[in-house]
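Written below as structure tokens is the structure these notes are about.
Protein chains: 4
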Amino acid sequence: MRRIRYGMVGGGQGAFIGEVHRMAARLDDCYELVCGAFSGNPERSRQSGVALGLDETRCYRDFDTMFSREAALPEDERMECVVIVTPNNSHYAIAMLALENGFHILSDKPATATLDECLSLAETLADTDLLYGLTHTYTGYPMIREARERVAAGQLGTVRKIIVEYTQGWLSQREEDRDNPQAAWRTDPARAGSSCCMGDIGVHAFNLAEFVTGLSVTRLNAELNSIVPGRKLDDDGTVLMHFDNGARGTLLSSQICVGDENNLRLRVYGDQASLDWQQMEPNTLWLKTNNSPAQMIRTGTGSVGPGAAANTRVPAGHPEGYIEAFANLYRTFAEEIRAASTGAIIDKTIPGIQDALRGMAFIEAAVRSSSEGNVWVEFPEF
Amino acid sequence: MRRIRYGMVGGGQGAFIGEVHRMAARLDDCYELVCGAFSGNPERSRQSGVALGLDETRCYRDFDTMFSREAALPEDERMECVVIVTPNNSHYAIAMLALENGFHILSDKPATATLDECLSLAETLADTDLLYGLTHTYTGYPMIREARERVAAGQLGTVRKIIVEYTQGWLSQREEDRDNPQAAWRTDPARAGSSCCMGDIGVHAFNLAEFVTGLSVTRLNAELNSIVPGRKLDDDGTVLMHFDNGARGTLLSSQICVGDENNLRLRVYGDQASLDWQQMEPNTLWLKTNNSPAQMIRTGTGSVGPGAAANTRVPAGHPEGYIEAFANLYRTFAEEIRAASTGAIIDKTIPGIQDALRGMAFIEAAVRSSSEGNVWVEFPEF
Amino acid sequence: MRRIRYGMVGGGQGAFIGEVHRMAARLDDCYELVCGAFSGNPERSRQSGVALGLDETRCYRDFDTMFSREAALPEDERMECVVIVTPNNSHYAIAMLALENGFHILSDKPATATLDECLSLAETLADTDLLYGLTHTYTGYPMIREARERVAAGQLGTVRKIIVEYTQGWLSQREEDRDNPQAAWRTDPARAGSSCCMGDIGVHAFNLAEFVTGLSVTRLNAELNSIVPGRKLDDDGTVLMHFDNGARGTLLSSQICVGDENNLRLRVYGDQASLDWQQMEPNTLWLKTNNSPAQMIRTGTGSVGPGAAANTRVPAGHPEGYIEAFANLYRTFAEEIRAASTGAIIDKTIPGIQDALRGMAFIEAAVRSSSEGNVWVEFPEF
Amino acid sequence: MRRIRYGMVGGGQGAFIGEVHRMAARLDDCYELVCGAFSGNPERSRQSGVALGLDETRCYRDFDTMFSREAALPEDERMECVVIVTPNNSHYAIAMLALENGFHILSDKPATATLDECLSLAETLADTDLLYGLTHTYTGYPMIREARERVAAGQLGTVRKIIVEYTQGWLSQREEDRDNPQAAWRTDPARAGSSCCMGDIGVHAFNLAEFVTGLSVTRLNAELNSIVPGRKLDDDGTVLMHFDNGARGTLLSSQICVGDENNLRLRVYGDQASLDWQQMEPNTLWLKTNNSPAQMIRTGTGSVGPGAAANTRVPAGHPEGYIEAFANLYRTFAEEIRAASTGAIIDKTIPGIQDALRGMAFIEAAVRSSSEGNVWVEFPEF
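Protein chains in written order, with our numbering: chain W, 1 to 382; chain G, 1 to 382; chain B, 1 to 382; chain U, 1 to 382.
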């Protein structure tokens, strides 16, 4: 199959997430990196690109240059898709310019710095034939696909309660003062937007809850905390959520949970059965009822449905991880692009602009609810 | 050592918790059951007592009779302590009469049906030399003692965040309509008081958080839900808590979490380290930091302090469980009674009237916060 | 129900296992301790007995005295059953004299110091109406009963492979030189018999494999090691076993596995399904097949059969442990004694003289196979 | 860095392991697939290559043709390294011809069908400057590197006992009769060699034990079983091993363990501490002692040494899996090739010809020990 030509904005040497994206792009051989504006520093951008084997002429000084030069290349040479892996505050400008120049977008979350930006982006996107994908990585895990299919198939009965938590410990001290660039921008309102914890990881938890259950939050009530003294944004919080079918949800998210690595866990309780999944052991999904033994559903076994099967590469018992989950999103987005170019219609199975809007709405509603004293905030409809 | 003579109110044939109390009392041979008013039905009370090997004359028709008759016996024959294992609504009357007749009290939680009752009980108790213990069973686990000592010793630094959850699935259907007496009284406001879920298990979670950290909740904000249609009391809820040192807490409790057995888990995060404990694997306590491997502290090993060691009966690797935790409370209460009779002073290490008051305050504050729409409710000081 | 009057040989102050037996005897109120010869030291025996609340006249200087004096008491006063908790080398003499005096026996394993002794004991026992129970404690766990019933019901198909392991770390150093009396006698051929590791814990693993599967070992091939320099008996070993239905087995046992607590695990593989159980999390039993999710069967739930249910005291999610397993053997033995006195016939569900013989045969065969250079040794038939 | 040009023998459409190799080669962008003889069927070879994006002229009908044609290409075009992923019986001929034509070799295990073949291969290799790597995948896991470094650093003291197990359930039925090509060749002596279970997975366990401990087996004693009726080769077995420092080892391997996925576990016990690792949760390594809490060492944290760190791609808490472990071997082999071409010397950290020889010796010794009735077989020195 034809490989999709992509360019990258951000992700130069020293950045973490850029290389993860590139590994994900390589794993299934669906993509070819053809250009990049890897850094705000033109020389670092050039060096990064060359180290990645790019032709120097396609290592650009900035994304404006990249988009205009690439757009001028012959159709079968120029990039088709841009991957955005910069801090949150620049996503909007990059994405808008990409659309203007006719490039598909695969973007890190959150989609933009504000909901207004995201609404504007969605409106612009709607006037194009271009595709937009949002790398809510955790949706790429096979067992998350399995969970989603089982909920949709009614195996849980009516969903009544959702508990989702995402806790980390890496911001339990003032890392932003310790030459940690990740910590510096994420705790900086100018670059991260109105939230650190909810914008960085809470939104993943929110997205996962909606992705798996197919339900939508209609209102929420949040307490966000800045636990570490002097921190400008939230590093901890709890969000109560009401879903459109009446289900209740509790979302816990924190970055000051000392000793926690990347503890993302989703529990969905229906009136008949429940599911339990943890990101740190992603190949196991628990299905539980009151009256029979809990079942341990495993990646790669004959017990899983088409969604999990299609997103698994090796036989049961050979663990697949985070990079594979990421690669599942990449592979699916490549299929979408190929299908788009032929007019074929395929089911979208990676998060897109709708998830982008809802994620931004979540962040802003949580911030508002908290700042106004744990009031209930209605969720906009999209 | 002298065995304490005790009588029981409630806990007749068919009741569950009464026999657990008796096993706990027997395990270490610190008690002797000498009498009981085991049921509201005099004949069942008699049968229950006889089956337990009691003399028929000390199987009483009701607790009034029991207290007056026992009080009339010679001092070295009559019961010293009453164990109360009836539904919540009767605790107060029994306890007050016990005090009046000079008996120590070991009571199931919650202490009373209302905070007012509990305040009255506390006041009366203060005028006596009698002892009051509340069987918050989970505080009896060795690893809970270990956790408490480690927090007190400063191993976590300053406690900043507490996550405590207690979820069960047994009330996910309308068990109250299915000839399940436990479900019937717990969901009945007349017998259970103002709360089902928070009064039955949420209060355990609350107590455990305070017991382990030594901190006190100062205000809370709760959403309680009656998930199962037609249920008259809450069967689910989330409570946000502020502690007196500024720490934040989230308490999750539910009885509709299909497939969950008795999932009580406590996580305490300090600025230096954190602890994680789960009731269903009670002999393991995790100590975690950001910069070194998590440590798995185990019951019965040389790594534990005096509190855990004193509450452990067998070598490491031989699991101790719920009955042993219960027996730890019983044994300690027996020590307190013996010490009281000699005038000796010992550290109280089982929950008492203070915990009773705080637990009732928790339940009432949670109910009020929720019914008034997620408002913050200040916690009374005791 | 009538409580069984028992006496104890061994188990005085400072001994570990004696108190475990007494807790097990007390838990369900089926027994009454009436006498004891708790120590080879008469004064310590007396002190131990008095501390346990015994009348001084029934704290005996040695077991000979105890048996003769008790036998002379009126039938409704004298002990009915002796519990033997001394080092291995004395079991035989005590048991034989107990039979001679008409007392039932509940004995610590291994039954005797040699197979010959055990054969002689079995022969003598057969000429009486007395009962003999052997405290292979692990057979008392509810999930072991469940496993046994599921194998018997054919849920595994034909059993083909058994892997059983029992590893500990407590003898990884020369504890016998460090004033550790347990280590001293277990590593001393004069008191422990021909084996330390196999006699102490390997025989538990062997017994559990036979108990759960209902199969019998027909031959074995063993390598026993004395890993710690200077140790006189084995502290480690592997045993290959052939079962009477053709199944193969591997038994691993070691006491030098640093950091292991009491790691007893049994895996049974049939041609249709398999079971996996671990003593350190005893309330979980795994049932696995190739084509469907593994099932986690749990103590106290509705998924278990009569054997587990009858040996469980509290609802699911309240862990039961080692003492409860022990108490299950005690309670069942009490039922056997009561049934015997009335002529009733009940299913024996605790290990008895047959297990005693097979256990001794196992130990001796393993020692012989190893000392002769990993030769296959046929297992005697009993 | 320059990408290594490689060709593949085997691994055409429908084969499993070929694509795993290719994913491993792609992940870090160290390789370029330039040619292949993907199948014994020339047309399928062509189709497979074209589907992989190869030029049709470099999709060869067989490996002879591939080697001769590639050798004739200009040095900067022709392949440098051949990856062998065919059934065992063809490894030798392919490898020998590769050496003759000057290609580095990266081969699936076991290296050859017999030890004699492997000795011949080793001899030939020694006369070249070519590199030979053997994909004992599990050595590529970060925590295996960590384990190895900790043993080498003496953290365990003297290694005394090794327990390694590798059990699967996929051959518990006669899959070889069910159109399962993997099962067909692995159970066929003509293609698999003298062993199925030991040759397929037992040898991985053996290799891992030696890799981690740095010790060498000197003699072994094995019982291999053909549990499934009619099977021509072993599908189960236990191997006792003596190591060169006197340590004892037990290796369990089986393919009839119904319900087991890919249960590879290594436990190493020293006189001071022990390690425990399981492939199905590969990012956790346990370090245990008798006198302090067990430590859970985790991939990606600050607690690991250089070997683990160099073989990790994402931060702690984002699981890495089997493909990443495989890719670690590929990346290291690429480094070795680059270093070889420049004359640089680097530490070999992937298994090579020495491991190939020892693995073949292990398989043959195990088969011989078993067929001669559990005799001890001395291990050849290499």
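For each residue, glycine too, the CB sits at the ideal point set by N, CA and C. For clarity, every value in this text was computed on a predicted model and none was experimentally measured.
Apart from sequence neighbours up to five positions away, the residues of its chain that approach Thr-301/G with a beta-carbon distance below 8 Å are Ala-316, ordered along the chain. Residues of the region 257–284 of chain G with a Cβ closer than 9 Å to any Cβ of chain B, in chain order: Asp-260, Glu-261, Asn-262, Asn-263, Leu-264, Gln-279, Met-280, Glu-281, Pro-282, Asn-283.
Within chain W, no C-beta atom comes less than 9 Å from the C-beta of Leu-54/G; the nearest is roughly 37 Å away. Taking 7 Å as the upper bound on Cβ-Cβ separation, chain U lies near residues Gly-302, Ser-303 of the region 299–315 of chain G. Rounded to the nearest angstrom, the gap between the Cα atoms of Glu-100/U and Ala-327/U is 27 Å. With respect to the C-alpha of Tyr-166/W, the residue from Ser-341/W, Phe-63/W, Leu-252/W, Lys-288/W having the closest C-alpha is Leu-252/W. For the region 12–30 of chain B, residues whose beta-carbon sits nearer than 9 Å to a beta-carbon of chain G comprise Phe-16, Glu-19, Val-20, Arg-22, Met-23, Arg-26, Leu-27, Asp-28, Asp-29. DSSP places Ile-162/W inside the beta strand (DSSP E), whose first and last residues are 159–167.
The DSSP-derived three-state label of Ile-337/W is helix. Per the C-alpha coordinates, the member of Cys-257/W, Val-258/W, Pro-306/W positioned closest to Met-143/W is Pro-306/W. Beta-bridge analysis with DSSP links Leu-106/B to Val-83/B, Gly-133/B. Listed by position along chain B, the residues whose Cβ is nearer than 7 Å to that of Pro-319/G are Met-280, Pro-282, Pro-319, Gly-321, Tyr-322. Closer than 8 Å to the CB of Ile-162/W there is not a single CB belonging to chain G. Membership of Ser-369/G in the alpha helix (DSSP H) is indicated by the continuous run 353–371. The Cβ neighbour count for Asn-245/U, taken over all protein chains shown within 10 Å, is under 16; the residue is labelled exposed. Interface annotation for the region 138–165 of chain G against chain W: Leu-156, Gly-157, Arg-160, Lys-161, Ile-163, Glu-165, criterion Cβ-Cβ distance under 9 Å. Here Gln-278/W has Arg-265 as same chain residues with Cβ atoms under 6 Å from its own Cβ, once five neighbours each way along the sequence are excluded. Per DSSP, Ser-120/W is one residue of the alpha helix (DSSP H) stretching across 115–126. When DSSP states are grouped into helix, strand and coil, Cys-59/B belongs to the strand group. For Val-377/G, the beta-bridge partners assigned by DSSP are Leu-220/G. Using a Cβ-Cβ cut-off of 7 Å, Met-296/G is close to Pro-293, Ala-294, Met-296 of chain U, given in chain order. Per DSSP, the unbroken beta strand (DSSP E) holding Ala-294/W starts and ends at 294–298.
Per the coordinates, the alpha-carbon of Val-212/W lies some 13 Å from the alpha-carbon of Thr-137/W. Just so you know, the alpha carbons of Ser-48/B and Phe-67/B end up roughly 18 Å apart.
Under the Cβ criterion (8 Å, minimum of three pairs), the region 318–327 of chain U does not count as touching the region 69–84 of chain U. The three-state secondary structure of Tyr-322/G, taken from DSSP, is helix. Within the DSSP secondary-structure output, Gly-249/W pairs in a beta bridge with Ile-162/W, Met-241/W. Note on Gly-10/W: 16 or more other CB atoms within 10 angstroms of its CB, so buried under the neighbour-count rule.
With respect to the C-alpha of Arg-174/U, the residue from Val-367/U, Val-258/U, Gln-295/U, Leu-125/U having the closest C-alpha is Val-258/U. DSSP, reduced to helix, strand and coil, places Arg-44/G within a helical segment of the structure shown. Residues of the region 233–254 of chain G with a Cβ closer than 8 Å to any Cβ of chain W, in chain order: Asp-236, Thr-238, Leu-240, Arg-248, Thr-250, Leu-252, Ser-254. A straight line joining the alpha-carbon of Ser-371/B with that of Ser-370/U spans about 19 Å. For Ala-190/W, the closest C-alpha among the options Ala-113/W, Pro-282/W, Asn-221/W, Ile-163/W is that of Ala-113/W. The beta-carbon of Lys-288/W is placed less than 8 Å from the nearest beta-carbon of chain G.
Annotation: Pro-74/W to Asp-28/U spans about 29 Å, alpha carbon to alpha carbon. Given a length threshold of 3 residues, each whole run of the beta strand (DSSP E) inside the region 255–290 of chain W is given here in chain order: 263–270, 274–278, 284–288.
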